[in-house]
Every structure is written in C-alpha cells, then in structure tokens.
Amino acid sequence: MIVLFLFRMFVLGAAADKVWGDEVSEFYCDSLEPECQHACYNQKFPLSYVHYWVLHITFVSTPTLVYLGHADGSVQKKPKYTDERGKVKIGGILFCTYMIQLITKIFLEVGFIVGQFYIFGFIFIPLYYHCEIKEPCARFTGSQCYISRPTEKTIFIMFMLVVSGISVILNIIEIIYLLCNKRAAKKRFLDHSSQPYASNPAWKGTSSPNGVFLLPPPPCQGRTDLRDADKHCDSFSKEKDN
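FYI, the numbering for the sequence shown is -16 to -1, 1 to 226, going by mature numbering (1 follows the signal peptide of the UniProt record, and there is no 0).
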C-alpha cells in the first residue's frame, strides 16, 4: 500500500503539471462577450482535477498516518507489541486500529471516486462542447468551447481511477487476510491448549459411566506430613477401585 501511495504521488507530481498545466490558458470559446470563457470553464470544471486529486490523496493517507502515530506510541509504552526482531505485531488494540484505518480508507476511496463522477461527470474529456450559459455568453446560441489535449487528460483520468480501484481491492484483500489469519491463530491456540489435558495420564480412567469427566487426582508430593499424604493416596485409590 505504501508503494502504491508513493507511485500515485510520483505520477501526480511528475505528469499532472504537464498534462493539466494549460487547462485554463488553452481553454477557448468562440464568443466575443467578455467573461464568457471564464464562465464556461467554471461550468465545465467546477474544481481543478489536480486539486481534487491532491485532496483525494491527502484524505486517503490520513488514516494511515494516524495509525502509524498510534502504533508508535503503543510500542513505546508496551513492548509486548513487538517480537524478538523488533517487528510490530498487529494484535490487541493495534489490530482494531489497523482494521479501522483500512475500512476508513475504503470508504474514502469510494467516496472520492463517486464524488469525481458527481462533480465532473463522464470520464472522457471531449475536444469541444457547447456552453449553454446565457449570461454573459450569447443569450440564445450560447458558445462553442474547445479543450486542449483531451486524449491525454482522458487517459490520465482513467489512470487515476484505476489506481483508486486497485487501492480499494487491495484494502479489501488485506482485511480478509487479517481476519482469516487471526481466526487460524485462534484455532491453533485452542488446539495447543487442549493437548496437555488430552495427553496427561492423570486424566485417564477418571470418567464416570455417564461420560462425565472427573477432576484429576491431586498431587501427593510436597506435603510436610508424610502420614497424611499416605492416607490421602490410599483413600483415593480405594475410591477409584470402587
């Protein structure tokens, strides 16, 4: 996920300025009315794509930064969250925090994808479109406006949407993996904890005819009074024979 985040930042910083740098200067409308071109541009692009993607990346990366801060504080206060190699173990409260940040990132990614379609409309940038704003453009005919490099911008928009979709899929896969791994670890713990009782000879032959298991015999070693210890062991042996 960090690699995907850095890759998205690199592409946005390196290519976005070249592709979208002329979005205002090369936007042209065939109208002589003053301010018509600015009004049509504002109608077509209420918000700059680059600014929208910067907000997108900032909001999506915030849950991860919050989790890293919380994990760093938890590790410093409680060393139990690290193993012998110093690697952070995702367990306890850290597991809950990590799951919350993954779910939050999924909702933010989906929200920004839906918001992009709601604000900008269809993903394909046309070469030109008919601006129907009556004021300050022509009152009856509107204006015909032209957009620079529509193919490059369309490809860039599709690329950013694909990266967002991949991020959502990876987050979902990571949630499923963590849940399955935690369930398997819990099952291994239960199996391991039940093995000592099953392999302990003291438990053999201590069940009643009804199938109810009786408590194992208490140990006879370590008593200070040897006579009491012998009496205790003899009484238990007689009860078992009966």
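Every residue, glycine too, gets a C-beta built ideally from N, C-alpha and C.
Keep in mind the model is a prediction, meaning the values are calculated, not measured.
Counting only the Cα atoms, Met(-8) lies some 24 Å from Met83. Beta-bridge partners of His114 (DSSP): Gln128. Contact between Glu116 and Gly105 is absent: CB atoms are separated by about 14 Å, not below the 8 Å threshold. Glu93: member of the alpha helix (DSSP H) spanning Ile77 to Phe104, first to last residue. Taking the Cβ atoms as the reference, Ile107 lies roughly 12 Å from Thr135, outside the contact range of under 8 Å. For Tyr12, DSSP records a beta bridge to Tyr130.
For Asp6, the three-state secondary structure derived from DSSP is coil. Between the alpha carbons of Phe11 and His35 lies a gap of roughly 18 Å. Residue environment for Tyr33: buried (at least 16 other C-beta atoms within 10 angstroms of its C-beta). In this structure, DSSP gives Cys164 a helical state, which the three-state scheme calls helix. Bounds of the alpha helix (DSSP H) holding Cys24 are Cys20 to Lys28. Beyond the five residues adjoining it in sequence on each side, Val50 comes within less than 7 Å, by CB distance, of Gln85 in the same chain, given in chain order.
Between the segment 144 to 162 and the segment 18 to 27 there are fewer than three C-beta pairs closer than 8 Å, too few to call the two in contact.
Distance from the CA atom of Gly99 to the CA atom of His176, rounded to whole angstroms, is 50 Å. Nearest Cα to Gly149 within the set Gly95, Leu52, Glu119 and Thr48: Gly95.
For Glu17, the secondary structure class from DSSP, reduced to helix, strand or coil, is coil. Excluding five sequence positions before and after Trp37, the CB atoms of its chain that fall closer than 8 Å to its own CB belong to Leu(-5), Ala(-1) and Met144, given in chain order.
Assignment of Leu(-13) by DSSP, reduced to helix, strand and coil, places it in the helix class. A straight line joining the alpha-carbon of Tyr25 with that of Ile159 spans about 42 Å. Within the model, the alpha-carbon separation for Val3 versus Gly53 is close to 35 Å.
Look at Pro120 here: in three-state DSSP terms it is coil, with no helix or strand label. For Phe91, the closest C-alpha among the options Ala168, Leu(-11), Tyr161 and Pro47 is that of Pro47. When secondary structure is reduced to three states using DSSP, Phe108 falls in the coil class, being assigned neither helix nor strand.
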